[in-house]
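Enquirer: When you read off a place in the sequence shown, starting at 1, and then add 32, the result is the number in my numbering. Below are the structure tokens for one structure; questions will follow.
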Amino acid sequence: MAVINKEEFNNKIFSRIEKLIADYNLIENGDNVAIALSGGKDSVLTLHALANYQNNGHKTYQNNKDSNDSKNEDFDFNLTAISVDEGIEGYRQHGIEAAVSNAEKLGIKLIQKSFKDELDFTLDNSYHHFKSACIPCGVFRRNILNKSAYKIGANKLATGHNLDDEIQSFLMSFARADTLKFSKFGPMLDTIHPKLIPRIKPLWNTPEKDVGTWAVMNNINIHLDECPYSSLSLRGKTKEFLNKNESKYPGTKENIMESFKKTILEVKSSNTNVNECERCGEPSSRVVCMACEMENIIKNGN
Ligand code: SF4
């Protein structure tokens, strides 16, 4: 097996992220960027990559192109990390510890939120109302992240979605005939409501295995445990299916991504209509948002 040089590998991975940021204008001068930091490898790499980008601009990418360009001294943006503790006993606390240690190391402010404080219940004691724990987990986490990012005046919310996550989401939306979700694909989501902070995905074209290799090679403190609910989720099954196919037919993931880019990205902006939830006022395409509807089910049973 070929030995991987750490410096070359770091250069490759950071350079690819910087190129994506440049190609899609993910971050602009003066931006106030919030990062969703779970403490897992993807969000931790996002944190390190954006901190590096804040310090060096496109230097890694430019150096690889043998260019003399370096960071424009006037270019600057703000970074704040936000972690959300869903309340998964024996699991999430390790993630929060990794989030705290990485944010501290990089000197980035971390805001800590939890389901318990925000909603007065944990995922562990509420998920049984739903088919899968991942459904309320995702809805409430997104809701808390968006509200927290809005509160600090962030104009972008960076998430750790990598190439594998994006392909899985793409196939899951097909499997559920949920074509509305197609508008959420791509490295940057449009501003469709003033209270809905647009997502950016700096790892959009970074394969999951590269993220793992980066974390191991650089001895990064990350949360490695598998969520106890993940094996029951459609995402878990889709991931398993894709990994099996990739090892049998190399290039499967890349081909799916290419099909996705050719078809979905061209038509994605047409079907998004966002209003405000009549109960909490948060942006939603429904009259009552999913978070309020689920909170009602958990607290009142209807
Ligand atoms: Fe939440 Fe599901 Fe992810 Fe676990 S696997 S953290 S329940 S979304």
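Each residue gets a CB set at the ideal place from its N, CA and C atoms; glycine is no exception.
What residue range does the alpha helix (DSSP H) around V76 cover?
Expert: On the sequence shown, position 44 is the one that residue 76 refers to. Here the alpha helix (DSSP H) through V76 covers 73 to 88.
Enquirer: Can you name, in chain order, every residue of its own chain whose Cβ lies under 7 angstroms from the Cβ of G333, other than the five neighbours on each side?
Expert: Numbered from its first residue, the sequence shown carries residue 333 at position 301. Cβ within range, chain order: n/a, list empty.
Enquirer: Which residues in the same chain have their Cβ closer than 6 angstroms to the Cβ of H193, if we skip the five residues on either side of it in sequence?
Expert: On the sequence shown, position 161 is the one that residue 193 refers to. Same-chain partners within the cutoff: K233.
Enquirer: Keeping to the same chain, check which residues put their C-beta closer than 6 angstroms to that of C169; ignore five residues upstream and five downstream.
Expert: Taking the first residue of the sequence shown as 1, we reach residue 169 at position 137. Same-chain partners within the cutoff: E118, L155.
Enquirer: So, using beta-carbon positions, are N305 and S317 closer together than 9 angstroms?
Expert: Residue numbering aside, residue 305 sits at position 273 when the sequence shown is read from its first letter. Residue numbering aside, residue 317 sits at position 285 when the sequence shown is read from its first letter. Yes.
Enquirer: Got a sec? Which residues, its chain only, sit under 6 angstroms from S99 by beta carbon, not counting five neighbours each side?
Expert: One-based indexing of the sequence shown puts residue 99 at position 67. Note that S99 has pLDDT 48, beneath the 50 cutoff, so the model's placement of it is unreliable and the number below is only indicative. Within the same chain, S99 has no close Cβ partners at all.
Enquirer: When the Cα of Q144 is compared with those of D63, D55, A181, which residue comes out closest?
Expert: On the sequence shown, position 112 is the one that residue 144 refers to. Of the candidates D63, D55, A181, the one whose C-alpha sits nearest the C-alpha of Q144 is A181.
Enquirer: What first and last residue would you give for the beta strand (DSSP E) that runs through A113?
Expert: Within the sequence shown, the letter at position 81 stands for residue 113. Run containing A113: 110 to 117, per the beta strand (DSSP E) assignment.
Enquirer: Would the beta-carbon of N110 fall within 9 angstroms of that of V65?
Expert: Mapped onto the sequence shown, residue 110 falls at position 78. Mapped onto the sequence shown, residue 65 falls at position 33. Contact flag set, yes.
Enquirer: In the DSSP assignment, find the alpha helix (DSSP H) that holds N134 and state where it starts and stops.
Expert: By one-based count along the sequence shown, residue 134 stands at place 102. Per DSSP, N134 belongs to the alpha helix (DSSP H) from 124 to 138.
Enquirer: Count the other CB atoms, across all protein chains shown, that sit within 10 Å of the CB of C321; report buried if there are 16 or more and exposed otherwise.
Expert: The residue labelled residue 321 in the question sits at position 289 within the sequence shown. Result: buried.
Enquirer: Determine the extent of the beta strand (DSSP E) in which K51 is found, giving its start and end residues.
Expert: Counting from one through the sequence shown, the residue named residue 51 turns up at place 19. Looking at the DSSP string, K51 is not in any beta strand (DSSP E); the run it does join, the alpha helix (DSSP H), is 38 to 55.
Enquirer: Using the three-state DSSP reduction, which class does S99 fall into: helix, strand or coil?
Expert: In the sequence shown, the residue the question calls residue 99 occupies position 67. Note that S99 scores a pLDDT of 48, beneath 50, so its modelled location is shaky and nothing firm can be said.
Enquirer: Note down the Cα distance separating V243 from A81, rounded to an integer number of angstroms.
Expert: By one-based count along the sequence shown, residue 243 stands at place 211. By one-based count along the sequence shown, residue 81 stands at place 49. Between V243 and A81, the C-alpha separation is close to 11 angstroms.
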